[in-house]
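S.K.: One structure, pasted below without further comment.
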């Protein structure tokens, strides 16, 4: 993984701020320091073995695993699975409990009608409304279909000792996995929260963890630290009025990685009236929709491009049409790369600063590396901004109003 | 369709501006007035009959229709098809030529291996790089699989008389459909551009057109005109520093409608250093990712919520868990509605103004209505902003750099 940017952008002042933030993160002296468990990628070999065993059991017994979770209990797994799976073949891991649409739920019930199903319910407290309702409905379906043996197909990822999901799991005999106390939802993809669904999708979680642990070593020191640099650049650009950051990809499989990234940065920094608004574009698709705005609209944007150097399979273009002659003999990936480079030039000329994160290939290791890179960058960046990047006080506001409307007591 | 907002927001000054913009649009006296064909929903009965006939032929002869197009030749059809199809059952219309990923193309070739396929290539000029390459590759595949009879499976939507696609269609004997001269890409969903793929997906295009034509009548006069009001509100909020608009849904099927809307407004208004940045959230999913930012981040946002009153199928919640007792006996859609109402209250209290567009049901007619509503609002809104809402000069900038890197001559 390599971060590329215009070195002249970095100022002494912001660099000093970044060093301070970096130290606060490492020394655990900043706000939210009881939520730094992710920094160590500390999942135990025992938990990993347990995850793999459950994943194998799920794959052997089920056509689909329905993962019930929302926010940090949804986006990390989805990001990794989409990034590392075939574009068009049906996936064996699907998601529920991440919305309240009754059409979605009824359509899901149609879909699983004649299928063998396992459930993985992910919720620290067990009381989050969306997953609680989805589990309520799907548990009934499981009980009706499988009777006593339904419990062999239900996996609970929750607090290690308390909460209604933990109680229910103990009572009913469901296998449980742990959401660690010192890791918040949006930083939890490299725990059982993300790794069980990812392993159930047939993806090598050892390699994801290997990538993350390599990143941990690579970004441990202050010198030549891409996390530090990215955090510094974001804050400099924000200070210059660049209030929107677009994460840009040229590989559609990365769409949900961007969604994960939006939660990570938006929820970590969007507080106290501050923070960069995180958005995403999937190119070249969105060059034909958002491209006009990016090129010539309000100049409050910057872009961070994820560049994947090599595809799994390329394809050569043979073209005798005169007007398309310039494409003849090139490969599709070459054209994609030129689109990316050309766009970076055009947008930079249009006063949209461009940063670039390059990975060699979209594989398990690089996904692990990117996850760690962005998490650590986000911790540093939030401290530089002067907020606690590990809380999310504002998420309660709509819930409070919703509960009131639903007539929930205290 | 109903637009709800705080009436006290409207000022005389902006209302007067809106009236002027409305008149310029209706009288064809504004910039870009040679691109107002969409205003009349003027597709002929003959073209509709031809579309339906082709759609039936495609459905009878093919497992999948691959629609090759990008931007306005992609998003409208995708938006309508996703909004009006089952969430989980595989779709018979898939998309290509909207990116340059070689993994995407190779995965697509895997997917269609043993399938019967038709193609619909959509490009006004025929030279847009992404669809030109995709058609080049897929045409070879079709020729190899079907030989002479491949031409019975290829449908071209392009300029009525010129361009390389039109020439190729005439030479090879492909059936053609017309991209009208007076309708730009992002306003073209209610022409053959959008309607052929939508009809091929088994959706009733007469009802979509009926919805649009009702909207045309409903929004023809200056009085009580929701298009005029929405355009006015957007410009007032923009003037107050609300530089990001979030289109909000509570129904995941609406995700691509938001993508269509982003192109419509972003490409129409994002020019001359101006324009609201269009973004979207799919709730309640994104309340658990972007919710924190919206509630407490920078106050440069407003929201336009699409509220769908009735689902196709609701589902009752039965819950004896004490902590979830407040949900017992409610339906999922009731909870979804309370989430929406609670969120609107919480965000408004958090200084994020909320507008609401209500439709009774997510059906063909309401999709037609929404399309027309947003298109007309966009024309008025762009004129109020002082830009030409029907051009997209900035889209060429990246292409120029890309062509240079690819060694394309003049």
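Residue numbers (this note's numbering), protein chains in the order written: chain A, 578 to 987; chain B, 578 to 987.
Where is the CB? At the ideal position from N, CA and C, for every residue including glycine.
(1) Mind reading off the beta-carbon distance from residue 988 of chain A to residue 640 of chain B? Whole number of angstroms is fine, and I expect it under 8 Å.
(2) With 9 Å set as the bound, which would you pick, yes or no: does the beta-carbon of residue 595 of chain B sit closer than that to a beta-carbon of chain A?
(3) Restricting to Cα atoms, I'd like to know which of B:731, B:892, B:760 and B:795 is closest to residue 748 of chain B.
(4) For the stretch 790-821 of chain B, enumerate the residues whose C-beta is nearer than 9 Å to any C-beta of chain A, in chain order.
(5) At 8 Å on the CB atoms, spell out the chain A contacts of residue 766 of chain B, in chain order.
(6) Quick check on residue 758 of chain B: does DSSP put it in helix, strand or coil?
(7) Within the chosen definition, does the stretch 952-964 of chain A reach the stretch 891-908 of chain B through at least 3 CB pairs nearer than 8 Å?
(8) Tell me which residue opens and which closes the beta strand (DSSP E) that residue 990 of chain A is part of.
(9) How would you list, in chain order, the residues of chain B whose beta-carbon sits under 7 Å from the beta-carbon of residue 876 of chain A?
(10) When the Cβ atoms of the stretch 826-844 of chain A are set against those of the stretch 657-671 of chain A, are three or more pairs found closer than 8 Å?
(11) Is there at least one Cβ from chain A nearer than 9 Å to residue 612 of chain B's Cβ?
(12) Helix, strand or coil for residue 732 of chain B? Go by DSSP, reduced to three states.
(13) How would you label residue 817 of chain A, buried or exposed, when you count the other beta carbons within 10 angstroms and need 16 or more for buried?
(14) For residue 790 of chain B, which residues from the same chain have a beta carbon less than 7 Å from its beta carbon, with the 5 sequence-adjacent residues on both sides left out?
(15) If we define contact as Cβ-Cβ less than 9 Å, is residue 904 of chain A a contact residue for chain B?
(16) Using a C-beta to C-beta distance shorter than 8 Å, which residues of chain A count as neighbours of residue 704 of chain B?
(17) With 9 Å as the limit, tell me which residues of the stretch 672-691 of chain A have their beta carbon closer than that to any beta carbon of chain B; keep them in chain order.
(18) Using the Cα positions of residue 785 of chain B and residue 582 of chain A, report the straight-line distance between them to the nearest angstrom.
(19) Checking 9 Å against the spacing of the C-beta atoms, do residue 926 of chain B and residue 910 of chain B come in under that value?
(20) Got a sec: is the Cβ-Cβ distance from residue 667 of chain B to anything in chain A below 9 Å?
(21) Excluding the five sequence neighbours on either side, which residues of its own chain have a C-beta within less than 6 Å of the C-beta of residue 933 of chain B, listed in chain order?
(22) Name the chain A residues that come within less than 8 Å of residue 978 of chain B, Cβ to Cβ?
(23) Nearest chain A C-beta to residue 748 of chain B closer than 9 Å, yes or no?
(24) Answer with buried or exposed for residue 986 of chain B, where buried requires no fewer than 16 other C-beta atoms within 10 angstroms of its C-beta.
(25) Round the Cβ separation of residue 841 of chain B and residue 942 of chain B to the nearest angstrom and send it over; I've been treating them as touching at under 8 Å.
(26) Using a Cβ cut-off of 9 Å (strictly closer), state whether residue 862 of chain B contacts chain A.
(27) Can you list the beta strand (DSSP E) stretches of 3 or more residues lying completely in the stretch 632-711 of chain B, in chain order?
(28) Using the rule of at least 16 other Cβ atoms within 10 Å of the residue's Cβ for burial, across every protein chain shown, is residue 593 of chain B buried or exposed?
(29) Taking only beta-carbon positions, decide if residue 829 of chain B is within less than 9 Å of chain A.
(30) According to the neighbour-count rule (16 or more other Cβ atoms, all chains shown, within 10 Å of its Cβ), is residue 667 of chain B buried or exposed?
(31) What span of residues does the beta strand (DSSP E) with residue 883 of chain B cover, start to end?
(32) Please report how far the alpha carbon of residue 700 of chain A lies from the alpha carbon of residue 767 of chain A, in whole angstroms.
(33) Would you kindly work out how many angstroms separate the C-alpha atoms of residue 828 of chain B and residue 677 of chain A, rounded to a whole number?
(34) Listing by chain order, which chain B residues have their CB less than 9 Å from the CB of residue 844 of chain A?
(35) May I ask you to list, following chain order, the residues of the stretch 637-667 of chain B that have a beta carbon less than 8 Å from some beta carbon of chain A?
(36) Quick check on residue 775 of chain B: does DSSP put it in helix, strand or coil?
M.R.: Result, derived from the coordinates:
(1) Outside the shown range of chain A, which is 578 to 987, sits residue 988 of chain A, and nothing can be said about it.
(2) no
(3) B:731
(4) In summary, the residues of the stretch 790-821 of chain B whose CB is separated from some CB of chain A by less than 9 Å are 820 and 821, in the order they occur in the chain.
(5) The premise fails here: residue 766 of chain B is roughly 13 Å from chain A at the closest Cβ pair, so nothing lies under 8 Å.
(6) coil
(7) no
(8) Because chain A is modelled from 578 through 987, residue 990 of chain A falls outside the range shown and cannot be assessed.
(9) 850
(10) Yes: at least three Cβ pairs fall under 8 Å.
(11) Nearest CB-CB separation between residue 612 of chain B and chain A: not below the 9 Å threshold.
(12) DSSP places residue 732 of chain B in strand when its eight states are reduced to three.
(13) exposed
(14) Only 618 meet the Cβ criterion.
(15) yes
(16) Here the neighbours are 900 and 901.
(17) Cβ contacts with chain B come from 675, 676, 677, 678, 679, 680, 681, 682, 683, 684, 685, 686, 687, 688 and 689.
(18) 48 Å
(19) no
(20) yes
(21) 581, 882 and 884
(22) 918, 919, 920, 922 and 923
(23) No, no contact with chain A.
(24) exposed
(25) Wrong, their Cβ atoms sit about 20 Å apart, outside the cutoff.
(26) yes
(27) 641-645, 670-673 and 694-699
(28) It counts as exposed.
(29) yes
(30) Flag for residue 667 of chain B reads exposed.
(31) 878-887
(32) Cα to Cα, residue 700 of chain A sits roughly 15 Å from residue 767 of chain A.
(33) Cα to Cα, residue 828 of chain B sits roughly 8 Å from residue 677 of chain A.
(34) 865, 866, 867, 868, 869 and 870
(35) 647, 648, 649, 651, 652, 663, 664, 665, 666 and 667
(36) helix
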